[in-house]
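Count along the sequence shown from 1, then add 1154; that gives the number in our numbering.
Read through the structure below, which is laid out as structure tokens, and then see the notes.
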Amino acid sequence: MKSPELILFRSIINQALHDAMYDGLNKYYITDKRNAIDWLIGNSVDFKTICSWADIDPDIACKKFTAAMKLNTYVLTEDQYKVLNKPRKEYKHKGKFRLTFNDA
């Protein structure tokens, strides 16, 4: 039987894979896609830690994700690039903002 923790950490990786495969044109989901791709192939300390806790070899996982990138499995489409690079409009609702959880 898998522990709840193992299920949780595997779910984190699964969600990153799900985000990386997004093929729609919602700007916020495209941003999530780009961040997921960067995380999956970046081999960061955070990625290595989550993989270790998920009982997955982080080096092998990173190599597999990088290989999948070469097969265009996880890439931003031309239309998604257009959405991300579209000039921003003036926000009509002053004092309101989108809640994000990014460090930057």
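Quick reminder that beta carbons are idealized off the backbone N, C-alpha and C, glycines included.
Take residue i as the anchor and find which of the options has the nearest alpha-carbon.
i        : options                                   : result
Ile-1210 : Tyr-1183, Gln-1234 and Ile-1167           : Ile-1167
Asp-1213 : Leu-1230, Glu-1232 and Ser-1198           : Ser-1198
Ser-1206 : Asp-1186, Leu-1160 and Asn-1189           : Leu-1160
Val-1237 : Phe-1219, Asn-1180 and Pro-1158           : Asn-1180
Ile-1195 : Tyr-1183, Tyr-1182, Asn-1239 and Lys-1218 : Lys-1218
So residue i packs on residue j, CB below 8 Å; how close in whole Å?
i        : j        : result
Ile-1191 : Tyr-1228 : 5 Å
Ala-1208 : Phe-1255 : Ala-1208 to Phe-1255, Cβ: 21 Å. No contact.
Helix, strand or coil for residue i? Go by DSSP, reduced to three states.
i        : result
Glu-1244 : coil
Val-1229 : coil
Ser-1206 : helix
Gly-1178 : coil
Phe-1163 : helix
Buried or exposed, going by whether 16 or more other CB atoms sit within 10 Å of the CB of residue i?
i        : result
Ala-1174 : buried
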